[in-house]
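Let me begin by presenting the structure, written as structure tokens, before commenting on it.
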Amino acid sequence: MENDEKVIALLIDAENVSPQYIKIILDEVSMYGTPAYKRIYGDWTTPAMASWKKILLEHSLTPIQQFSYTQGKNATDSAMIIDAMDILYADHVDGFCLVSSDSDFTRLASRLRESCMFVIGMGESKTPTAFKSACDTFKYLDVLMGIKNENARASKEKKKATQEKAERSEKAEKAEKAAEPSARSGKNAQPKKSTGKKNTKAEKAAAAVRAAETPSPVDEAADVLNAAIARHPAPEASAPPVLDEMANRIRFLAAQDETDLSSVFVPLEEIVEKIREIVEHDSDEDGYTPLSLVGVMLSRMYTDFDSRNYGFSKLHKLIDYTGAFETKYEQFENGGKSLVIRNKN
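If you're matching positions, the sequence shown starts at 0 in numbering that gives the first Met the number 0 and goes up one per residue.
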């Protein structure tokens with residue numbers, strides 16, 4: 000079923016999820032379908048829920064009030080589970096998105112899948128494995144937040160570099176114009192004897208031009224990187240790993256230094272071996288398998304698999320990075336094309 004045909008019930012455990020993730024949650028859900036239900040659960044009389052209240056109006060979330068009847072018991076979970084079953088039996092949705100890092104929703108996710116519902120789980124990297132495995136797919140909110148912040152930082156730096164380059168060009172142009180009158184007045188004239196004085200107006204203007212034209216170390220590094228990328232463009236066939244993608248991966252891994260995620264994500268080496276097995280099993284006579292099929296199979300085997308967890312925006316970029324596979328595009332008779340991969344010997 001196409002994404003725009005899916006109707007999703009979005010249910011958020013506000014007592015277990017930070018409001019800073021709301022934009023990421025809505026964006027991820029929109030990739031799978033339309034969130035017809037957008038309900039958020041919690042005890043809204045407590046001070047801890049104050050940070051959520053402004054966000055409710057901004058994103059049209061429906062708050063569901065649930066008082067805590069007993070200290071230490073989470074009545075919110077029960078209310079969320081009951082509503083999920085009511086929505087299931089109303090038969091108005093194609094899937095559910097359960098947002099929580101709490102393992103208490105493991106049985107709910109399993110029950111929804113038993114009724115042929117597509118279940119998306121979202122939570123932080125601390126989420127227990129049982130809940131992650133019970134979903135069709137699981138997204139790490141803290142990882143996606145880190146990627147979003149890194150992209151925003153990179154975009155800001157790029158914009159700043161563009162502005163600085165424009166300012167340097169403008170200064171150089173002004174310096175050239177300032178130097179032109181002096182150059183014209185001195186043309187066809189006899190050279191004057193040196194008075195021993197330095198830094199005349201013309202000399203200052205010329206020095207400004209030379210300074211503006213001299214690239215900074217940052218510019219020189221950027222020129223080297225751009226030249227390398229130009230030598231290795233990304234054609235429709237197999238290509239070496241793109242250098243800027245490698246730079247993004249380095250920054251991504253550096254941003255993860257504060258949190259040890261090695262025990263959370265499946266090791267990349269295991270992912271590579273699993274891809275090799277999938278390609279070997281489902282390949283054609285030439286050994287090629289559609290990359291889209293590989294992505295589907297990986298999602299079935301590892302519910303929390305996402306190429307972004309490893310610092311790559313797309314699966315094919317992860318494939319190129321490993322260097323273990325050959326890729327090419329296959330053309331269809333109707334004009335379409337599909338990226339296929341095969342194992343390198």
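Quick reminder that beta carbons are idealized off the backbone N, C-alpha and C, glycines included.
Predicted, not measured: the structure shown is a model, and the values here were computed from it.
heavy atom of the ligand PLP below 7 angstroms from residue i C-beta
i: residue 171; result: Only the bare structure without any ligand can be found here, which leaves the ligand PLP out of the picture.
Residue i versus residue j - alpha carbon distance
i: residue 79; j: residue 124; result: 22 angstroms
i: residue 118; j: residue 292; result: 20 angstroms
i: residue 324; j: residue 21; result: 37 angstroms
i: residue 106; j: residue 142; result: 25 angstroms
i: residue 10; j: residue 66; result: 17 angstroms
i: residue 280; j: residue 298; result: 17 angstroms
i: residue 130; j: residue 37; result: 21 angstroms
i: residue 331; j: residue 341; result: 19 angstroms
i: residue 127; j: residue 40; result: 20 angstroms
i: residue 14; j: residue 52; result: 13 angstroms
i: residue 6; j: residue 328; result: 33 angstroms
i: residue 345; j: residue 166; result: Nothing can be reported for residue 345: it is not among the residues displayed for the chain, which extend from 0 to 344.
i: residue 177; j: residue 162; result: 23 angstroms
i: residue 86; j: residue 145; result: 33 angstroms
i: residue 76; j: residue 133; result: 17 angstroms
i: residue 306; j: residue 312; result: 6 angstroms
i: residue 159; j: residue 173; result: 21 angstroms
i: residue 8; j: residue 283; result: 39 angstroms
i: residue 318; j: residue 171; result: 45 angstroms
i: residue 91; j: residue 322; result: 45 angstroms
i: residue 99; j: residue 49; result: 18 angstroms
i: residue 16; j: residue 24; result: 11 angstroms
i: residue 237; j: residue 300; result: Low confidence applies here, because residue 237 scores a pLDDT of 42, under 50, leaving its location unreliable; read the following figure in that light. Rounded to whole angstroms, residue 237 to residue 300 spans 26 angstroms at the Cα level.
i: residue 326; j: residue 112; result: 34 angstroms
i: residue 175; j: residue 303; result: 59 angstroms
i: residue 42; j: residue 277; result: 47 angstroms
i: residue 94; j: residue 32; result: 9 angstroms
i: residue 343; j: residue 272; result: 12 angstroms
i: residue 83; j: residue 29; result: 19 angstroms
i: residue 217; j: residue 110; result: Because residue 217 sits at a pLDDT of 47, beneath the cut-off of 50, its placement in the model cannot be relied upon, and the point is left open.
i: residue 122; j: residue 168; result: 48 angstroms
Residue i, buried or exposed, once every other Cβ within 10 Å from all chains shown has been counted against 16
i: residue 334; result: exposed
i: residue 96; result: buried
i: residue 296; result: buried
i: residue 56; result: exposed
i: residue 308; result: buried
i: residue 137; result: buried
i: residue 316; result: buried
i: residue 287; result: buried
i: residue 274; result: buried
i: residue 12; result: buried
i: residue 45; result: exposed
i: residue 34; result: buried
i: residue 88; result: exposed
i: residue 101; result: buried
i: residue 4; result: exposed
Simplified DSSP assignment, three categories, for residue i
i: residue 104; result: helix
i: residue 13; result: coil
i: residue 175; result: helix
i: residue 240; result: In this prediction, residue 240 has a pLDDT of 47, which is less than 50 and means its spatial position is unreliable; nothing more can be read from the coordinates.
i: residue 287; result: coil
i: residue 8; result: strand
i: residue 332; result: coil
i: residue 158; result: helix
i: residue 197; result: Its pLDDT being 49, under 50, residue 197 is placed unreliably by the model, and the measurement read from it follows with that caveat. Residue 197: coil per DSSP, three-state reduction.
i: residue 310; result: coil
i: residue 75; result: helix
i: residue 302; result: coil
i: residue 125; result: coil
i: residue 258; result: Bear in mind that the predicted position of residue 258 carries a pLDDT of just 49, short of 50, making it too unreliable to give a figure here.
Boundaries of the alpha helix (DSSP H) in which residue i is found, first to last residue
i: residue 60; result: Run containing residue 60: none; DSSP gives neither H nor E here.
i: residue 130; result: 128–133
i: residue 139; result: Premise fails: residue 139 lies in the beta strand (DSSP E), 136–139, not in any alpha helix (DSSP H).
i: residue 98; result: First-last for residue 98: 94–98, but that is the beta strand (DSSP E), not the alpha helix (DSSP H).
i: residue 271; result: 267–281
Host beta strand (DSSP E) of residue i (start-end)
i: residue 122; result: 117–122
i: residue 341; result: 336–342
Closer than 8 angstroms to chain C by CB, residue i
i: residue 103; result: Among the chains in the structure shown there is no chain C, since it carries only a single protein chain.
Runs of 4 residues minimum, wholly inside the segment 21–56: which ones carry the alpha helix (DSSP H) assignment?
21–29
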